[in-house]
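Per this note's numbering, the sequence shown runs over residues 2 to 240.
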Amino acid sequence: MTAVFWIVKILTTGMGETTSDYLARTLGPIPAVGSAGLLLAAALFAQARTRRYVPVVYWAAVVMVSVFGTMAADVAHVALGVPYAVSAAAFALVLALVFVLWRRTEGTLAVETVAGGRREVFYWCAVMATFALGTAVGDLTAATLGWGYLPSGLLFAALITVPAMAHRLSGLSPVLTFWWAYVLTRPLGACFADWAGVSHGRGGLDLGTGPVSLVLAVVIVAAVAWLTVAERRALRASA
């Protein structure tokens with residue numbers, strides 16, 4: 002289940018990237034942001050109403066955070082003209098502030114302790130910040146620095162192994178390595194999704210952001226269905 006969690010997390014980051022781009026072009030930036038904001042609010046409300054981990058509800062919220070977080074970073078760059086380097090630094094500061102407040106208020110950043118209340122608010126604020134930060138970092142390497150989507154994706158694929166190895170070999174804090182890897186999933190998934198969706202002229206496969214989003218959505222639904230079955234079996238076994 003741990004491996005599936007990380008796979009689904011990476012898939013949601015890719016879906017958020019291509020879905021955001023598709024909606025912005027299809028609906029227009031303002032209607033796209035407004036619609037995504039409403040769906041995000043609904044998903045987070047449903048998540049707040051649950052008192053335990055429900056895969057369908059949780060991952061629906063993650064997907065909407067991914068879409069909206071992508072839009073937040075893109076709006077800052079496209080509409081406001083903020084360079085990705087600046088927005089990446091700003092989102093990093095926001096994430097650091099969330100972690101500091103969360104740690105001082107609750108005493109821990111461990112996700113297994115999140116079960117409603119203030120901790121859940123801190124958790125979703127951190128998740129939103131990681132998506133916005135990851136979007137800015139991914140676009141910074143792929144576009145601003147000119148490395149391209151595929152090379153950037155391979156870079157982040159290599160980097161995401163660092164926290165895993167650090168935890169396994171040196172016993173580095175699981176909380177630190179979890180959030181370290183969590184941040185890296187965003188540019189990792191987004192770069193590969195962009196590579197699949199964008200035109201040949203931009204260094205991609207030109208499959209289209211709509212089709213890529215649809216394929217990722219189908220795979221995510223299948224994986225969440227598996228997680229739902231596994232969760233139910235675990236609950237029956239512990240009863």
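Quick reminder that beta carbons are idealized off the backbone N, C-alpha and C, glycines included. The structure presented is a predicted model; accordingly, all values stated were derived computationally and were not measured.
For residue i, the first and last residue of its enclosing alpha helix (DSSP H)
{"i": "T19", "result": "3-28"}
{"i": "V225", "result": "210-239"}
{"i": "H168", "result": "162-171"}
{"i": "V83", "result": "Here V83 belongs to no alpha helix (DSSP H), and DSSP marks it neither H nor E."}
{"i": "T136", "result": "118-140"}
Coarse secondary structure for residue i, derived from DSSP in three states
{"i": "Y59", "result": "helix"}
{"i": "A93", "result": "helix"}
{"i": "S200", "result": "coil"}
{"i": "G35", "result": "helix"}
{"i": "L189", "result": "helix"}
{"i": "A111", "result": "coil"}
{"i": "Y54", "result": "coil"}
{"i": "S88", "result": "helix"}
{"i": "W181", "result": "helix"}
{"i": "G154", "result": "helix"}
{"i": "G147", "result": "coil"}
{"i": "S67", "result": "helix"}
{"i": "L206", "result": "coil"}
Whole-angstrom C-beta distance between residue j and residue i, which should lie under 8 Å
{"i": "W125", "j": "L12", "result": "W125 to L12, Cβ: 19 Å. No contact."}
{"i": "A248", "j": "L141", "result": "Since the first residue of the chain shown is 2 and the last is 240, residue 248 is not available in this structure."}
{"i": "V99", "j": "F123", "result": "6 Å"}
{"i": "A25", "j": "A33", "result": "5 Å"}
{"i": "G135", "j": "V184", "result": "6 Å"}
{"i": "G205", "j": "D195", "result": "7 Å"}
{"i": "M16", "j": "S214", "result": "6 Å"}
{"i": "V58", "j": "A47", "result": "5 Å"}
{"i": "T131", "j": "L96", "result": "6 Å"}
{"i": "G149", "j": "A143", "result": "6 Å"}
{"i": "T14", "j": "L146", "result": "At roughly 20 Å, the Cβ-Cβ gap does not stay under 8 Å, so T14 and L146 are not in contact."}
Check: residue i C-beta below 7 Å from any heavy atom of the ligand ATP
{"i": "A144", "result": "Of the ligands one can find in the structure shown there are none, so the ligand ATP has no counterpart to examine."}
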